[in-house]
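A.B. asks: Input: one structure, supplied below.
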RNA sequence: GGCCCCAUCGUCUAGUGGCCUAGGACACCACCCUCUCAAGGUGGCGGCACGGGUUCGAAUCCCGUUGGGGCUGCCA
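Residue numbers (this note's numbering): 9 to 485.
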């Protein structure tokens with residue numbers, strides 16, 4: 009459509025999410041495929057919000073989709089990005105196209121109700137519409153649907169960029185509805201008309217749409233246009249090998265952002281589902297993906313969305329961050345309302361000092377608060393089991409008392425001195441440092457595991473450290 | 001039921017007839033390092049679904065079986 013001012017040069021790709029309130033991770037992967045191709049080929053990535061129900065198809069419903077795409081690097085500011093478009097803006101053309109199909113003899117009206125169609129199918133023992141009105145020559149009228157007249161012989165071959173040639177016997181494709189009895193266009197028709205109007209050249213989407221491809225291709229042909237390049241990529245599945253669904257699985261891309269996954273890690277991981285970068289490592293930059301991604305190389309079988317592997321990728325990406333960037337990335341998780349400490353006790357400088365120690369120890373940014381909470385909590389809650397094991401251990405009380413005495417007199421309150429002092433205490437009790445530090449750790453942090461001990465002790469200061477050690481000592485009775 | 005798709009370690013994959021006694025990554029296990037936990041290093045466990053072909057030679061090609069999945073609306 010020239011009136012839209014769309015670019016006519018270069019291949020045109022589109023994604024067509026439905027405004028469901030979240031953006032599906034499977035859709036994100038498909039979007040990434042389209043984006044990589046559009047960018048490499050100097051084409052256009054078209055975002056079209058797919059819903060013929062105008063009530064649901066409002067700009068405000070789509071902001072979430074746009075934000076989610078932006079997060080994974082598909083920015084509406086990029087010149088290759090076009091849209092978002094709303095299918096409903098072509099409603100008139102959908103009906104026009106249907107009428108043209110009727111006039112050219114490619115479609116016919118049928119007055120059977122949905123119930124009647126079902127009854128006939130049941131009686132015949134074959135599911136689907138049986139072509140009852142095919143040759144009845146009905147004209148348009150109330151209560152009549154317009155159906156596409158599919159060929160009754162021959163085969164329709166869909167040339168698929170990832171699967172090769174897929175052929176369908178035409179007599180297995182029923183005469184599907186184009187216009188409802190109230191005259192409104194069906195999605196299938198609307199979808200094809202929009203693709204034609206927008207000069208879409210490549211339709212890259214999930215495999216679940218493959219059975220629709222022959223029907224859509226028939227429509228392209230009947231409307232006098234040459235069909236696009238089809239590419240049906242495998243679906244993403246859960247551990248039961250079923251397509252990811254909103255009910256059963258965690259599929260919202262936004263949810264992963266909230267849980268502290270880095271966009272770059274998410275993008276990289278998503279791309280490895282069904283496709284592998286050329287080099288010896290699968291951790292690759294987007295530029296590499298853009299350069300190397302080919303539809304022909306996409307796997308044919310479904311891929312399991314493995315959160316464990318996503319976490320491993322995320323950990324790698326977190327560790328690769330510059331310290332300042334890591335600290336920045338942590339901010340939303342440190343300043344969030346869900347944080348365990350009172351907001352006013354948070355100290356950015358203390359966190360900055362701890363940051364290098366936590367950076368190698370977290371898989372997601374959401375893990376960060378629990379690593380440093382004891383620094384900002386007035387009284388860290390104590391893990392009962394850890395307490396019993398570390399403080400209740402034989403000799404632990406003496407170690408505690410000895411450490412308190414030593415720390416009281418310590419000339420310089422710094423991590424190195426604190427360590428040396430505790431080493432001396434340990435030696436006096438015939439313990440290894442690893443053993444002796446356990447009770448100190450639990451007394452001060454409330455946990456048996458955590459970041460290295462002496463740096464936080466330094467940050468906490470002598471007064472507070474001793475206060476906690478004393479409290480632990482007296483609690484042993 | 002009908003139509004369609006798929007099949008390499010537990011998982012994601014490399015592999016396009018000889019470089020394969022099948023390579024990598026995640027997970028798992030062991031060891032090293034080490035103030036706990038991580039990170040890092042080293043090593044280990046583990047796979048071509050099955051049966052027939054074709055070929056001098058098959059993970060790779062063909063057929064079948066089995067097993068998985070998707071679609072099957074006057075929803076989108």
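We put the CB at the ideal spot given by N, CA and C, even for glycine. This one's a predicted model, so the numbers in the text were calculated from it and none came from an experiment.
Let me confirm a value: residue 471 is counted as buried when at least 16 other C-beta atoms fall within 10 Å, else exposed. Which label applies?
C.D. replies: The residue in question, residue 471, is exposed, as its Cβ has fewer than 16 Cβ neighbours within 10 Å.
A.B. asks: Roughly how many whole angstroms lie between the Cα atoms of residue 198 and residue 147?
C.D. replies: Cα to Cα, residue 198 sits roughly 22 angstroms from residue 147.
A.B. asks: Rounded to whole angstroms, how far is the Cβ of residue 2 from the Cβ of residue 92, which I believe are closer than 8 angstroms?
C.D. replies: Residue 2 is absent from the model: the chain starts at 9 and stops at 485.
A.B. asks: Straight-line CA distance for residue 234 to residue 370?
C.D. replies: One C-alpha to the other measures close to 52 angstroms.
A.B. asks: Starting from the Cα of residue 54, find the closest Cα among 21, 175, 36 and give me that residue.
C.D. replies: Comparing Cα positions, the closest option is 21.
A.B. asks: Report the start-end ranges of each beta strand (DSSP E) in the region 58-104 that is 3 residues or longer and not cut off at the edges.
C.D. replies: DSSP runs (the beta strand (DSSP E)) wholly in the region 58-104: 89-94.
A.B. asks: Need the endpoints of the beta strand (DSSP E) that residue 168 sits in, please.
C.D. replies: From DSSP, the beta strand (DSSP E) with residue 168 extends over 163-168.
A.B. asks: So residue 383 and residue 460 are in contact, right, with Cβ under 8 angstroms, and what is the actual spacing, rounded?
C.D. replies: Actually they do not touch by this definition, with Cβ atoms about 13 angstroms apart.
A.B. asks: Can you tell me which residues form a DSSP beta bridge with residue 52?
C.D. replies: Answer is 20, bridged to residue 52.
A.B. asks: From the DSSP output, which residues share a beta bridge with residue 175?
C.D. replies: Partner(s): 165.
A.B. asks: Please state the DSSP three-state secondary structure of residue 12.
C.D. replies: For residue 12, the predicted model reports a pLDDT of 46, less than 50, meaning its position is unreliable; a value from the coordinates is still stated below. Looking at residue 12 - three-state DSSP - the assignment turns out to be helix.
A.B. asks: Distance check for residue 263 and residue 254, CA to CA, integer angstroms please.
C.D. replies: In a straight line, the C-alpha of residue 254 is about 12 angstroms away from that of residue 263.
A.B. asks: Check whether the region 82-92 touches the region 118-125, taking contact to mean three or more Cβ pairs, one atom from each stretch, closer than 8 angstroms.
C.D. replies: Short answer: they don't touch.
A.B. asks: Compute the beta-carbon to beta-carbon distance between residue 414 and residue 433, rounded to the nearest angstrom, for a pair I have assumed lies under 8 angstroms.
C.D. replies: Confirmed, about 6 angstroms.
A.B. asks: Residue 419 by DSSP, collapsed to three states: which one?
C.D. replies: Coil at residue 419, not helix or strand.
A.B. asks: Look at the alpha carbon of residue 38 and the alpha carbon of residue 98, and state the distance between them as a whole number of angstroms.
C.D. replies: Roughly 24 angstroms between the two C-alpha positions.
A.B. asks: Using the DSSP secondary-structure output, state which residues sit across from residue 185 in a beta bridge.
C.D. replies: 155.
A.B. asks: Going residue by residue through the region 358-386, where are the continuous beta strand (DSSP E) segments of at least 3 residues, counting only ones entirely within it?
C.D. replies: Listed in chain order, nothing qualifies, since the region 358-386 has no complete beta strand (DSSP E) run of 3 or more residues.
A.B. asks: Mapping the DSSP letters down to three states, classify residue 240 as helix, strand or coil.
C.D. replies: The answer is strand: DSSP assigns residue 240 an E or B state.
A.B. asks: Taking Cβ to Cβ, would you say residue 487 is nearer than 8 angstroms to residue 367?
C.D. replies: Missing from the structure shown is residue 487; the chain here goes from 9 to 485 and no further.
A.B. asks: By the 10 Å Cβ neighbour count, where 16 or more other Cβ atoms means buried, how is residue 152 classified, buried or exposed?
C.D. replies: Residue 152 should be labelled buried.
A.B. asks: Below 8 angstroms between beta carbons: does that hold for residue 303 and residue 239?
C.D. replies: It is a contact, given that the beta carbons lie within the stated cut-off.
A.B. asks: Quick check on residue 308: does DSSP put it in helix, strand or coil?
C.D. replies: DSSP places residue 308 in coil when its eight states are reduced to three.
A.B. asks: Less than 8 angstroms separating the beta-carbons of residue 25 and residue 102?
C.D. replies: No. Outside cutoff.
A.B. asks: Near residue 477, what residues of its chain come up, given a Cβ to Cβ distance below 8 angstroms and the 5 sequence neighbours on each side ignored?
C.D. replies: Cβ neighbours of residue 477 beyond the five flanking positions: 408, 411, 412, 415, 448, 451, 452.
A.B. asks: Okay, do the region 418-437 and the region 384-396 touch, 3+ Cβ pairs below 8 angstroms being the bar?
C.D. replies: No, they do not touch.
A.B. asks: I need the straight-line Cα distance from residue 12 to residue 206, nearest angstrom please.
C.D. replies: Reliability of the predicted coordinates at residue 12 is poor, the pLDDT of 46 falling under 50, and the value obtained from them is presented with this limitation in mind. Each residue's Cα considered, the two are about 9 angstroms apart.
A.B. asks: Where do the N-terminal and C-terminal ends of the alpha helix (DSSP H) with residue 479 fall, by residue?
C.D. replies: Element bounds for residue 479: 470-483.
A.B. asks: Answer yes or no: do residue 241 and residue 212 have a C-beta to C-beta separation smaller than 8 angstroms?
C.D. replies: Yes, they are a contact pair.
A.B. asks: Can you give the Cα-Cα distance for residue 173 and residue 308, rounded to whole angstroms?
C.D. replies: If I take the Cα positions, the gap works out to 13 angstroms.
A.B. asks: On the three-state DSSP scale, how would you describe residue 222?
C.D. replies: The answer is helix: DSSP assigns residue 222 an H, G or I state.
A.B. asks: Mapping the DSSP letters down to three states, classify residue 140 as helix, strand or coil.
C.D. replies: DSSP places residue 140 in coil when its eight states are reduced to three.
A.B. asks: Work out the CA separation of residue 95 and residue 9 for me, nearest whole Å.
C.D. replies: For residue 9, the pLDDT reaches just 37, beneath the cut-off of 50, and the residue's location in the model is therefore unreliable, although a value from the coordinates is still provided. Cα to Cα, residue 9 sits roughly 14 angstroms from residue 95.
A.B. asks: Enumerate in chain order the residues of its own chain whose CB-to-CB distance from residue 261 is below 6 angstroms, with the five nearest sequence positions on each side excluded.
C.D. replies: Result list for residue 261: 31, 33, 36, 76, in chain order.
A.B. asks: Return the CA-CA distance between residue 422 and residue 462, expressed in angstroms with no decimal places.
C.D. replies: Going by the C-alpha atoms only, they are around 8 angstroms apart.
A.B. asks: For a test of the three-state rule: what should DSSP assign to residue 217, helix, strand or coil?
C.D. replies: Reduced to three states, the DSSP call for residue 217 is helix.
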